[in-house]
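K.L.:
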Amino acid sequence: MADLIFITKNVINHFAQNISYYLNKPFCLPTVVHFAPTLRCNLRCNYCDIWKEGKINNELTTQQWKKFLKDLHCWLGKSHIGITGGEPLLRKDIIELLEYMIKLKLKVSLTTNGIFLNQEIIDKLSRINIFNINISLESIDPKIHDSLRGEGTFKKTFENIIKLKQALNKNNSKTLLVIETTLTSKNIRATKELFDFCKRNKLKIHFGNVVEKLQVDYQGDFNGESEFKPTNVSKINETISFLIMHKSDIIVNSTSELRMIRDYYLGKKISFKCAANVRNLFVSSDGSVKLCQYMLSVGNINQKNVNKVWYSKKADNMRKTMKKCNKICQFDCYKKRSLYENYEMYKSMYRTRLK
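With the numbering used here applied, the sequence shown covers 4 to 358.
Printed below as a string of structure tokens:
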């Protein structure tokens with residue numbers, strides 16, 4: 004019943020977000036909320052450089068993050084809150100923060116590369132019953148995965164996925180284990196094998212696309228600067244057609260998102276309306292608040308409560324700026340979704356938990 008109430012609340016908020024989008028002023032709540040307790044990372048993935056921003060000396064303390072989470076709960080209630088990075092498991096207090104979020108009855112998502120999932124952390128994660136854990140795996144072919152994430156990373160990540168899944172099953176946990184895969188020129192030919200692996204092991208899977216250079220004030224060509232973007236037309240069509248045909252509770256992406264990734268890689272003009280200005284809230288490791296991770300900060304939780312930042316004049320001005328953005332990120336979490344797209348996502352994520 005609690006999950007159904009949560010879904011109903013989000014349907015109502017969906018319409019409020021549509022109104023807010025056109026008025027450039029929030030009469031709604033954010034539905035995509037993430038915070039990065041650290042931007043440090045132990046890996047140097049070929050298509051990601053966020054680790055360059057990681058500095059341990061400006062990260063918020065455990066108590067500062069707890070204050071933020073309490074303020075967030077008082078404002079949003081039982082909302083989805085994602086922990087991202089960098090690599091969150093580099094924080095020694097990450098389990099403490101997760102347990103605190105569960106105490107607040109937040110729906111917690113943890114994204115990790117899986118390297119630091121030792122037995123102690125696996126045991127704790129399998130018992131605290133967070134909503135979902137996302138682990139990055141680019142292929143079940145070790146050579147492909149390692150070519151993207153670093154030599155020897157596949158073995159550790161793959162073994163830890165299996166161990167974590169076994170521990171979740173053993174403890175009858177409702178936590179969903181989701182494989183996060185970026186479709187690239189290196190792994191697009193091996194997508195079916197990865198899908199079959201997830202199906203056999205009752206894992207969810209979410210596919211993303213290569214993100215172009217999105218730094219603030221970047222003046223380059225957003226359309227085609229990455230060597231990791233697939234260019235083989237027949238393979239792009241074949242792969243996405245396969246995923247759409249086999250769209251089920253295993254694949255978290257909506258059908259619309261999969262088509263959007265296909266068209267993006269094929270170089271087609273896409274009608275992409277970014278709604279991050281009314282949907283998204285990101286808090287970086289130093290407490291800075293952004294409506295889009297690649298835009299300028301609109302405030303800091305050390306100086307003002309997060310809800311006051313969301314409704315601030317500075318945030319409203321940023322909303323107007325963001326509507327003029329022509330960057331090509333294709334993040335589905337930023338996309339202006341239809342109710343049916345939301346339904347597909349909730350069906351995939353919630354039906355398993357309701358069983």
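Note that CB positions come from ideal geometry on N, CA and C, so glycine has one too.
Using beta-carbon positions only, say whether K202 and I136 come within less than 9 Å of one another.
P.N.:
For K202 and I136, no; Cβs fall outside 9 Å.
K.L.:
Distance check for D289 and N305, CA to CA, integer angstroms please.
P.N.:
The straight-line gap from Cα to Cα measures roughly 9 Å.
K.L.:
Within 10 angstroms of the Cβ of L79, are there 16 or more other Cβ atoms? Answer buried if so, exposed if not.
P.N.:
Per the 10 Å Cβ criterion, buried.
K.L.:
Alpha helix (DSSP H) containing L79: first to last residue?
P.N.:
Looking at the DSSP string, the run of the alpha helix (DSSP H) that includes L79 is 65-79.
K.L.:
Run through DSSP, which three-state label would H393 get?
P.N.:
Past the edges of the chain, shown from 4 to 358, lies residue 393, and the structure says nothing about it.
K.L.:
What three-state label does DSSP hand S86 in the structure shown?
P.N.:
Residue identity differs from the one stated: residue 86 is Ile in this sequence, not Ser. The answer is strand: DSSP assigns I86 an E or B state.
K.L.:
Please state whether DSSP places I191 in a helix, a strand or coil.
P.N.:
Helix.
K.L.:
Which of the three DSSP states is assigned to C201 in this structure?
P.N.:
Here C201 sits in helix by DSSP.
K.L.:
Applying the 10 Å Cβ sphere with the 16-neighbour rule, what's the burial state of F134?
P.N.:
F134 comes out buried.
K.L.:
On the premise that V281 lies in contact with C44, defined as a C-beta separation below 8 Å, what is that separation, rounded to the nearest angstrom?
P.N.:
With a Cβ gap of about 30 Å, C44 and V281 do not count as contacting.
K.L.:
From the DSSP output, read off the bridge partner residues of L186.
P.N.:
Bridge partners of L186: N212.
K.L.:
Taking the alpha helix (DSSP H) that N163 belongs to, which residues open and close that run?
P.N.:
156-173 is the extent of the alpha helix (DSSP H) around N163.
K.L.:
Check F38 in the structure and name its three-state DSSP category.
P.N.:
Looking at F38 - three-state DSSP - the assignment turns out to be strand.
K.L.:
Where does G223 sit, in a helix, a strand or coil, going by DSSP?
P.N.:
With a pLDDT of 48 at G223, under the threshold of 50, the predicted position of this residue should be treated as unreliable, and no value is reported.
K.L.:
Applying the 10 Å Cβ sphere with the 16-neighbour rule, what's the burial state of C295?
P.N.:
Under this definition C295 is a buried residue.
K.L.:
Does the count of Cβ pairs from the stretch 17-36 and the stretch 63-70 closer than 8 Å reach three?
P.N.:
As far as the Cβ criterion goes, the stretch 17-36 does not touch the stretch 63-70, which means the pair count is below three.
K.L.:
I'd like the span of the alpha helix (DSSP H) that includes S129, first residue to last.
P.N.:
That run of the alpha helix (DSSP H) goes 122-131.
K.L.:
With DSSP run on the structure shown, which of helix, strand or coil describes F285?
P.N.:
Correct three-state label for F285: strand.
K.L.:
Thinking just about the alpha-carbon of each residue, which of M325, N60, K293 is nearest to the one in W313?
P.N.:
Cα-wise, what sits closest to W313 is K293.
K.L.:
Tell me whether the stretch 81-99 and the stretch 109-116 touch, counting them as touching only if at least three CB pairs, one residue from each stretch, are closer than 8 Å.
P.N.:
Yes: the two stretches touch, three or more of their Cβ pairs being nearer than 8 Å.
K.L.:
Should Q20 be labelled buried (16 or more other beta-carbon atoms within 10 Å of its own) or exposed?
P.N.:
Counting Cβ neighbours within 10 Å, Q20 comes out buried, since at least 16 surround it.
K.L.:
Quick one: does the C-beta of I191 sit closer than 8 Å to a heavy atom of the ligand GTP?
P.N.:
The ligand content of the structure shown is nil, which means the ligand GTP is not present either.
K.L.:
Tell me which same chain residues have a C-beta within less than 7 Å of the C-beta of K364, skipping the five on either side of it?
P.N.:
As displayed, the chain neither begins before 4 nor continues past 358, which places residue 364 out of reach and without an answer.
K.L.:
Rounded to whole angstroms, what is the Cα-Cα separation between L299 and K276?
P.N.:
One C-alpha to the other measures close to 19 Å.
K.L.:
For N116, count neighbouring Cβ atoms within 10 angstroms of its own Cβ and tell me buried if that reaches 16, exposed if not.
P.N.:
Counting Cβ neighbours within 10 Å, N116 comes out buried, since at least 16 surround it.
K.L.:
Look up I304 in the DSSP assignment and say whether it is helix, strand or coil.
P.N.:
Correct three-state label for I304: coil.
K.L.:
Does S274 come out as helix, strand or coil in the three-state DSSP assignment?
P.N.:
The answer is coil: DSSP assigns S274 none of H, G, I, E or B.
K.L.:
Mark R47 as exposed unless 16 or more other C-beta atoms lie within 10 angstroms of its C-beta, in which case mark it buried.
P.N.:
That one is exposed.
K.L.:
Return the chain-ordered list of same chain residues with a C-beta closer than 7 Å to the C-beta of D52, the five sequence neighbours on each side being excluded.
P.N.:
Closer than 7 Å at Cβ, skipping near neighbours: no residue.
K.L.:
Return the chain-ordered list of same chain residues with a C-beta closer than 8 Å to the C-beta of I105, the five sequence neighbours on each side being excluded.
P.N.:
So the list reads V111, I131, N132, I133, once near-sequence residues are dropped.
K.L.:
Return the bridge partner residues of T115 from the DSSP annotation.
P.N.:
The partner list for T115 (beta bridge, DSSP) reads I138.
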